[in-house]
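Line by line, the protein sequences give chains A and B.
Sequential numbering from 8 applies to the first sequence in our numbering.
Sequential numbering from 8 applies to the second sequence in our numbering.
Each residue gets a CB set at the ideal place from its N, CA and C atoms; glycine is no exception.
There are 2 protein chains.
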Amino acid sequence: MEITYRPIGVIHSPFTDLKEMPIQPTSAASAPGIAEVFPEFADGLKDLEGFSHVILLYHLHQALWVELTVTPFLGSAKRGIFATRAPTRPNPIGLSIVQLLRVDGNRLELGNIDILDGTPLLDIKPYVPDFDRPKKTRAGWLESERGKVKDARSDDRFR
Amino acid sequence: MEITYRPIGVIHSPFTDLKEMPIQPTSAASAPGIAEVFPEFADGLKDLEGFSHVILLYHLHQALWVELTVTPFLGSAKRGIFATRAPTRPNPIGLSIVQLLRVDGNRLELGNIDILDGTPLLDIKPYVPDFDRPKKTRAGWLESERGKVKDARSDDRFR
Numbered sequence: 008m009e010i011t012y013r014p015i016g017v018i019h020s021p022f023t024d025l026k027e028m029p030i031q032p033t034s035a036a037s038a039p040g041i042a043e044v045f046p047e048f049a050d051g052l053k054d055l056e057g058f059s060h061v062i063l064l065y066h067l068h069q070a071l072w073v074e075l076t077v078t079p080f081l082g083s084a085k086r087g088i089f090a091t092r093a094p095t096r097p098n099p100i101g102l103s104i105v106q107l108l109r110v111d112g113n114r115l116e117l118g119n120i121d122i123l124d125g126t127p128l129l130d131i132k133p134y135v136p137d138f139d140r141p142k143k144t145r146a147g148w149l150e151s152e153r154g155k156v157k158d159a160r161s162d163d164r165f166r
Numbered sequence: 008m009e010i011t012y013r014p015i016g017v018i019h020s021p022f023t024d025l026k027e028m029p030i031q032p033t034s035a036a037s038a039p040g041i042a043e044v045f046p047e048f049a050d051g052l053k054d055l056e057g058f059s060h061v062i063l064l065y066h067l068h069q070a071l072w073v074e075l076t077v078t079p080f081l082g083s084a085k086r087g088i089f090a091t092r093a094p095t096r097p098n099p100i101g102l103s104i105v106q107l108l109r110v111d112g113n114r115l116e117l118g119n120i121d122i123l124d125g126t127p128l129l130d131i132k133p134y135v136p137d138f139d140r141p142k143k144t145r146a147g148w149l150e151s152e153r154g155k156v157k158d159a160r161s162d163d164r165f166r
């Protein structure tokens, strides 16, 4: 079974190289960016401005191979890909929860992104605490890495 | 530009009809379910068991048309599709943050899902509060609907 999608837009960011990037929007190195939605989809942005955060789904177009176990940027052990946010996933869909600063026509001004410039955008969803904020969470192997995301940057392991 | 994905597995749930479903995992009507990952991807599940919650991405295979403005299940006004979680999106990718109860080989036992039985699974990501829990959020038009997700169920408007 094949599932085919088409980009609804493109991400613009200061990050032009997979090396030395922030590894998450909460990294200190993250930077403002733009999600440009193609004009034919702009009507779908109505009512989005009142949300402080959006969930972006995008195609990790520079993920060129699949690896089911990887050594992620945090920690030094090999982990199952579905227990990480690394890009070499069977379906390379990226997800970031980012601050929405302003909607200007078909452009979303975003406060803190960790996304490569030119990345194809697949979907935008409103972030809704009632839906998306589970209580009493435990972050598995990442518990011992808490607080480290801020200073971590990518290297060239997935390039 | 076309982007092609293949399912990594399938969701099993008690929900066999798009009508009368929970509209989110946090709805009272949500129920336990299973994410079955195809055997060839099972190695990717290593280390997932320590996480209390996972983010599921899936193909909304029963979303048969695209509508850029919709009347969602909460509220009565027409909204831009990207300001809702409705299924008639240009790329019908569903997202749920659900409780992970147990990993049993290639099967994830999930505590509370809002997903139609037989839905093709695209990706599994660990839920990580350090990455995924923004502070000081505002939920736009959904602020006035807070607390209503619990009792809301779907009807046949997207069927």
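9 angstroms Cβ cutoff, residue i in contact with chain A
i, result
"residue 41(B)", "no"
"residue 129(B)", "yes"
"residue 78(B)", "no"
"residue 126(B)", "no"
"residue 114(B)", "no"
"residue 109(B)", "no"
"residue 160(B)", "no"
"residue 8(B)", "yes"
"residue 166(B)", "no"
CA nearest to the CA of residue i, picked from the options
i, options, result
"residue 86(B)", "71(A), 87(A), 52(A), 109(A)", "52(A)"
"residue 156(A)", "45(B), 154(B), 139(B)", "139(B)"
"residue 221(B)", "119(B), 133(B), 132(B)", "The structure shown does not extend to residue 221(B), since chain B is modelled only from 8 through 166, so no value can be given for it."
"residue 117(A)", "23(A), 46(A), 55(A), 8(A)", "55(A)"
"residue 147(A)", "114(A), 91(A), 141(A), 106(A)", "91(A)"
"residue 58(B)", "104(B), 77(B), 13(B), 127(B)", "104(B)"
"residue 149(A)", "60(B), 159(B), 153(B), 106(B)", "60(B)"
"residue 11(A)", "35(B), 88(B), 65(B), 152(B)", "65(B)"
"residue 145(A)", "14(B), 165(B), 135(B)", "135(B)"
"residue 137(B)", "81(A), 127(A), 97(A), 129(A)", "81(A)"
"residue 127(A)", "152(A), 93(A), 99(A), 165(A)", "99(A)"
"residue 15(B)", "165(B), 28(B), 33(B), 50(B)", "50(B)"
"residue 115(B)", "62(B), 164(B), 88(B)", "62(B)"
"residue 33(A)", "166(A), 76(A), 164(A), 154(A)", "154(A)"
"residue 113(B)", "129(A), 130(A), 159(A), 89(A)", "89(A)"
"residue 131(B)", "106(B), 77(B), 151(B), 141(B)", "106(B)"
"residue 79(A)", "13(B), 74(B), 166(B), 133(B)", "133(B)"
"residue 93(B)", "74(B), 152(B), 129(B)", "74(B)"
"residue 165(B)", "13(B), 77(B), 108(B)", "77(B)"
"residue 48(B)", "13(A), 28(A), 35(A), 97(A)", "97(A)"
Contact with chain B by residue i, beta-carbon distance below 9 angstroms
i, result
"residue 46(A)", "no"
"residue 89(A)", "yes"
"residue 122(A)", "no"
"residue 31(A)", "yes"
"residue 21(A)", "no"
"residue 132(A)", "yes"
"residue 18(A)", "no"
"residue 86(A)", "yes"
Per-residue burial, residue i [other beta carbons within 10 Å of its own, 16 or more giving buried]
i, result
"residue 101(A)", "buried"
"residue 143(B)", "exposed"
"residue 46(B)", "exposed"
"residue 8(B)", "exposed"
"residue 95(A)", "buried"
"residue 162(A)", "exposed"
"residue 23(A)", "exposed"
"residue 26(A)", "exposed"
"residue 37(B)", "buried"
"residue 84(B)", "exposed"
"residue 111(A)", "exposed"
Distance cut-off 8 angstroms: residue i Cβ against heavy atoms of the ligand GTP
i, result
"residue 105(A)", "Summarising the ligand content, the structure contains no ligands, and the ligand GTP is consequently not present."
Self-check item: Contact set between the stretch 136-155 of chain B and chain A, restricted to residues whose Cβ is under 9 angstroms from the partner
Solution: 136, 137, 138, 139, 140, 141, 143, 144, 145, 146, 147, 148, 149, 150, 152, 153, 154, 155
Practice problem: Select from the stretch 91-106 of chain A all residues with a C-beta closer than 8 angstroms to any C-beta belonging to chain B, and list them in chain order. | Solution: 91, 92, 96, 97, 98, 100, 102, 104, 106
Quiz item: If contact means a Cβ-Cβ distance below 8 angstroms, which residues of the stretch 47-60 of chain B contact chain A?
Solution: 48, 50, 51, 52, 53, 54, 55, 56, 57, 58, 59, 60
Quiz item: Taking contact to mean at least 3 C-beta pairs separated by less than 8 angstroms, is the stretch 10-20 of chain B in contact with the stretch 23-42 of chain A?
Solution: no
Quiz item: Do three or more CB pairs link the stretch 119-128 of chain A to the stretch 63-70 of chain A at distances below 8 angstroms?
Solution: yes
Self-check item: Where the stretch 60-75 of chain A meets chain B: residues whose CB sits under 7 angstroms from a CB there
Solution: Residues 60, 62, 64, 66, 75.
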